[in-house]
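Numbering follows the numbering used here, with no gaps: position 18 of the sequence shown is 18.
All residues carry an ideal CB built from backbone N, CA and C; glycine is no exception.
Worksheet for the structure shown next.
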Amino acid sequence: MSDFKNPKSEIPNPKSENWFASWFDTPYYHILYKERNYREAQIFMDNLTHYLNLPEKAKVLDLACGKGRHSIYLNQLGFEVVGADLSENSIAEANKNKNESLHFQVHDMRDSFEDKFDAIFNLFTSFGYFENDDDNLTTLKAMKDSLTEYGFAVIDFMNVSQVITNLVPEEVKTVENIEFHIKRYVNDGHIYKEIDFEDQGQKFHFTEKVKALTLKDFEEMMEEAGIYLLDIFGDYKLKKFHKNDSERLIMIFK
């Protein structure tokens, strides 16, 4: 692949020289995913915060917040919000929206916070990226350590069974006059997405790789981390989880 180049972008943390450190920090990541359904995301957060019955002005952590769109909405709901992400470029963009009760910081999710939170949200499959599988357990422990005694954490992950069954092997998406050629496949317990495109005469190649974690995998890790799994939902309306059919795997724990 010598003819493919990665765009110039800062690696936000020397601890993490993985694919997500560069891909998430490029403008192309945000271009490709610009059409995500944010209204659906807001309904999800409305449902979540209502279900959790969070106190007024609760301290909420949006872990892997990207450019902070969901942090901003949580803040509008009346919560004190910290958005954390590994991408320096995303945090720089998010910081344009900071206020007295909304803050952003560059942070590696494997590290716990000194501050304790009433709720931690890890949304839209922002988990399972690490090369070392042990880092997934480390992240769960860090989330646990960052909660108050009565705090709740939420991981919103893909439902692996449903995703693999409905995997689209190849497609082309044109966004902002860029043709993204996308290939998807499963290998060695991971779901891969190969992304190739050309912009301004330069060819680019990126690979997304996410651990195909099932509910059983999460249950085993949570037990080892000393986490109590309270509830499981299968979509953003918080309907019951069904292994083969549900769109999402949403886990609430403390």
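CB of residue i within 8 Å of CB of residue j, strictly
i    : j    : result
R248 : M158 : yes
G68  : G83  : yes
D145 : L123 : no
K193 : I182 : yes
F24  : S71  : no
L137 : E223 : no
G151 : K254 : yes
L48  : V60  : no
A153 : L54  : no
Y28  : F204 : yes
E131 : V106 : no
S101 : E114 : no
T148 : F104 : no
F180 : I195 : yes
Paired residues, beta bridge with residue i - DSSP
i    : result
V175 : I178
N99  : L102
T125 : In DSSP, T125 forms no bridge with anything.
T207 : E194
A153 : I120, F253
Q42  : The partner list for Q42 (beta bridge, DSSP) is empty, contrary to what the question assumes.
D199 : Q202
V60  : V81, A119
V186 : I191
F233 : K240, I250
Classification of residue i by the beta-carbon crowding that lies within 10 angstroms, buried from 16 upward
i    : result
V163 : buried
T139 : buried
K240 : exposed
H211 : Before going on, a small fix: residue 211 reads as Lys here, not His. Buried, because 16 or more other Cβ atoms sit within 10 Å of the Cβ of K211.
L167 : exposed
L52  : buried
G189 : exposed
D135 : buried
G234 : buried
G226 : exposed
G201 : exposed
A94  : buried
M1   : With a pLDDT of only 31 at M1, under the threshold of 50, the placement of this residue in the model should not be trusted, and no figure is reported.
Chain C within 8 Å of residue i, Cβ atoms only
i    : result
D145 : Going by chain labels, chain C is absent from the structure shown, which holds only one protein chain.
Same chain only: Cβ atoms within 6 Å of residue i, ignoring 5 sequence neighbours per side
i    : result
S112 : A142, D145, S146
I232 : F241, M251
D199 : I178
Contact belief for residue i with residue j at Cβ below 8 Å, rounded distance in angstroms
i    : j    : result
I43  : Y185 : Contact flag wrong, Cβ pair sits at about 32 Å.
E176 : I31  : 5 Å
L63  : F121 : 7 Å
L229 : V160 : L229 to V160, Cβ: 17 Å. No contact.
Cut-off 7 Å between Cβ atoms - residues of its own chain near residue i, not counting five sequence neighbours on either side
i    : result
G66  : D85, S90
N97  : G68, I72
F218 : M251
Close Cβ partners of residue i (< 8 Å) along its chain, the five nearest in sequence each way excluded
i    : result
T125 : D156, F157, M158, V210
T174 : F180
V172 : E179, F180, H181, I182
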